[in-house]
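To start, the structure itself, in structure tokens.
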Amino acid sequence: MTRKTMMRLNVHVPDANYHQNLISCQVACPVHTDARGYVRAIADGRFEEAYLIARGPNPFASICGRICGAPCEIACRRGKIPKVNDDGMFVGQDKPIAIRALKRFACDQFGPETRPTSEVLDSLRNFIPPVAGDAEEMAALLRSATNSSIEKVIAKRSRSSEPDPRDSQPHMTWR
Numbered sequence: 020m021t022r023k024t025m026m027r028l029n030v031h032v033p034d035a036n037y038h039q040n041l042i043s044c045q046v047a048c049p050v051h052t053d054a055r056g057y058v059r060a061i062a063d064g065r066f067e068e069a070y071l072i073a074r075g076p077n078p079f080a081s082i083c084g085r086i087c088g089a090p091c092e093i094a095c096r097r098g099k100i101p102k103v104n105d106d107g108m109f110v111g112q113d114k115p116i117a118i119r120a121l122k123r124f125a126c127d128q129f130g131p132e133t134r135p136t137s138e139v140l141d142s143l144r145n146f147i148p149p150v151a152g153d154a155e156e157m158a159a160l161l162r163s164a165t166n167s168s169i170e171k172v173i174a175k176r177s178r179s180s181e182p183d184p185r186d187s188q189p190h191m192t193w194r
């Protein structure tokens, strides 16, 4: 008489977030910028596409390319790859990709810095109303050029029961 042993396996099918969380540089980024995407675009010579990828989730990509603490570089898996010499001997760890410098490069090629200052100011005067007081509202307005989004921000402000502390501060005016 033979005895059959039956094993039970618990199999979990991963969802989309599982695979997204494997991208350590994107998970480490506070705004979850697709660093792989713009690094790959730069490597292929598609600099404008690289800028648009970097700018996608972050309206202040040009600034972040200069002052960001670059948590993506700390999380970069390239820095964990062992480096070997020609004989196959371990000589240390590889270095992470310079993601912040590449973002700055893409922004310097196609960001607002490449346009004349007067052109940028004219477009801002026509687009951003004085209600955009904080970074979150500014980002929302920059992402969506429709009047309905501006109206939503104004309506949100007017429905707020608490007075806005910025109302006591002087507003920026355009000359």
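Counting from 20, one number per residue, gives the positions in the sequence shown under this note's numbering. C-beta: ideal position from N, C-alpha, C; glycine also.
Give the secondary structure of residue 114 by DSSP, where H, G and I count as helix, E and B as strand, and everything else as coil.
Within the sequence shown, residue 114 is the residue found at index 95, counting from 1. The answer is coil: DSSP assigns residue 114 none of H, G, I, E or B.
Bridge-paired residues (DSSP) for residue 13
Only positions 20 to 194 of the chain appear in this structure, which leaves residue 13 out of reach.
Residues that DSSP places opposite residue 78 in a beta bridge:
Taking the first residue of the sequence shown as position 1, residue 78 is located at position 59. In DSSP, residue 78 forms no bridge with anything.
Can you name the start and end residues of the alpha helix (DSSP H) that residue 58 belongs to?
Reading the sequence shown from its first residue, position 39 is the one you call residue 58. Note, residue 58: alpha helix (DSSP H), 54-62.
The ligand PLP and residue 101: does the residue's C-beta get closer than 7 Å to at least one heavy atom of that ligand?
Looking for the ligand PLP in the displayed structure turns up nothing, as the structure carries no ligands at all.
Whole angstroms are fine: how far does the CA of residue 140 sit from the CA of residue 118?
By one-based count along the sequence shown, residue 118 stands at place 99. By one-based count along the sequence shown, residue 140 stands at place 121. Roughly 29 Å separates the two Cα atoms.
In three-state terms, what does DSSP make of residue 122?
Numbered from 1 along the sequence shown, position 103 holds the residue referred to as residue 122. It is helical.
Nearest candidate by alpha-carbon position, reference residue 64, set 46, 35, 124, 48
If you number the sequence shown from 1, residue 64 lands on position 45. Among 46, 35, 124, 48, the Cα nearest to that of residue 64 is on 124.
Residue 99 (DSSP reduced to helix, strand or coil):
The residue you call residue 99 lines up with position 80 of the sequence shown. Residue 99: helix per DSSP, three-state reduction.
Taking 8 Å as the threshold (C-beta atoms), are residue 84 and residue 72 in contact?
Numbered from its first residue, the sequence shown carries residue 72 at position 53. Numbered from its first residue, the sequence shown carries residue 84 at position 65. Not in contact: residue 72 and residue 84 (Cβ atoms no closer than 8 Å).
To the nearest angstrom, how far is the alpha carbon of residue 114 from that of residue 99?
Numbered from its first residue, the sequence shown carries residue 114 at position 95. Numbered from its first residue, the sequence shown carries residue 99 at position 80. In a straight line, the C-alpha of residue 114 is about 8 Å away from that of residue 99.
Per DSSP, what are the beta-bridge partners of residue 109 in this structure?
Reading the sequence shown from its first residue, position 90 is the one you call residue 109. Beta-bridge pairing links residue 109 to 103.
Ends of the alpha helix (DSSP H) at residue 46?
Here the question's residue 46 lines up with position 27 in the sequence shown. 43-47 is the span of the alpha helix (DSSP H), which, as asked, contains residue 46.
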